[in-house]
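Enquirer: Before anything else, here's the structure in question.
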Amino acid sequence: MEKRVLVLNLDHSPVAVVSAQKAIVLTLLEKATMLSTYELLQIRTISRSFEYPAVIRLNQYKSIPYRGVMLNRANLFRRDNGECQYCGSVKHLTIDHVVPRSKGGKTSWTNLVTACNRCNVNKGNKTPEEAGMPLKILPFKPTLSYFLADYAERHAEEWLPFLNVKVVPG
Ligand SMILES: [Zn+2]
1 MEKRVLVLNL
11 DHSPVAVVSA
21 QKAIVLTLLE
31 KATMLSTYEL
41 LQIRTISRSF
51 EYPAVIRLNQ
61 YKSIPYRGVM
71 LNRANLFRRD
81 NGECQYCGSV
91 KHLTIDHVVP
101 RSKGGKTSWT
111 NLVTACNRCN
121 VNKGNKTPEE
131 AGMPLKILPF
141 KPTLSYFLAD
151 YAERHAEEWL
161 PFLNVKVVPG
């Protein structure tokens, strides 16, 4: 798999993930500075070879509207480590509204959890308190850094010193 490059803003907040080719073009144009490389990798062209960038920083501050992490099934399962938040099962997963929709529960990061089919059915139209099914952790809204750290742990340890992982409550 081709390694990806973490792009930091001038203030070192993460803004994007790009291909190595794009990162090299940005550094050659002096729009970005290389902060970290994948040591054992190189990028070769016919005439020369380049260090393989792992983290670059933009040379000018870019004002980027905060988009957050998209709320969808895959990202929700990822936030919850692919485990039912009631019993810990990793099979037959679905999405549960903590406060049921019929009781005004919203479709939001803080009211949705990963649940197995069985817990979802057992809980039915109740809140966790009413059903006597406490949650393992309170659902939270993940930040971009949270997902980047998750990716970094599996594929790009070079990013970790540059990621400041925070969990935003509520
Ligand atoms: Zn379960």
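Under full-length UniProt numbering, the sequence shown has 12 at position 12, and the numbering climbs by one with no breaks. Idealized CB from N, CA, C, for every residue including glycine. Computed from a predicted model, the values in this text were never measured in an experiment.
Leu8 and Val55 look like a contact to me (Cβ under 8 Å); what is the Cβ gap, rounded to whole Å?
Expert: Right, their Cβ atoms sit about 7 Å apart.
Enquirer: Can you tell me whether Tyr86 sits near ligand 1, meaning its C-beta is under 6 Å from at least one heavy atom of the ligand?
Expert: Correct: Tyr86 has its Cβ closer than 6 Å to ligand 1.
Enquirer: From the DSSP secondary-structure annotation, give me the bridge partner or partners of Gln85.
Expert: Answer is none; Gln85 lacks a bridge partner.
Enquirer: Could you check how far apart the C-beta atoms of Leu76 and Leu135 are, in whole angstroms? I think they sit under 8 Å.
Expert: In fact, because the Cβ distance is near 14 Å, the residues do not count as touching under 8 Å.
Enquirer: Indicate whether Tyr146 and Cys119 have their beta-carbon atoms separated by less than 7 Å.
Expert: For Tyr146 and Cys119, no; Cβs fall outside 7 Å.
Enquirer: Could you check if Ser145 belongs to the surroundings of ligand 3, using beta carbon to heavy atom distance under 6 Å?
Expert: Ligands present in the displayed structure are limited to ligand 1, and ligand 3 is not among them.
Enquirer: Is it true that the stretch 151 to 166 meets the stretch 121 to 141, where meeting means three or more beta-carbon pairs spaced less than 8 Å apart?
Expert: Counting Cβ pairs under 8 Å, fewer than three are found: no touch.
Enquirer: Identify which residue in Glu83, Glu30, Met70 has its Cα closest to the Cα of Gln60.
Expert: Gln60 has its Cα closest to that of Glu30, out of Glu83, Glu30, Met70.
Enquirer: Roughly how many whole angstroms lie between the Cα atoms of Glu157 and Ala16?
Expert: For Glu157 and Ala16, the distance between alpha carbons rounds to 16 Å.
Enquirer: Which parts of the stretch 48 to 107 are runs of the beta strand (DSSP E), unbroken and 3 residues or longer, counting only runs that do not cross its ends?
Expert: As far as the stretch 48 to 107 is concerned, its whole beta strand (DSSP E) runs of at least 3 residues are 49 to 58, 93 to 97.
Enquirer: Quick check on the burial criterion: 16 or more other C-beta atoms within 10 angstroms. Buried or exposed for Ser36?
Expert: The residue is buried, with at least 16 neighbouring Cβ atoms inside 10 Å.
Enquirer: Is it buried or exposed for Lys166, if we count other Cβ within 10 angstroms and need 16 for buried?
Expert: A caution first: Lys166 carries a pLDDT of 48, below 50, which makes its placement in the model unreliable, though a value can still be read off. Classification for Lys166: exposed.
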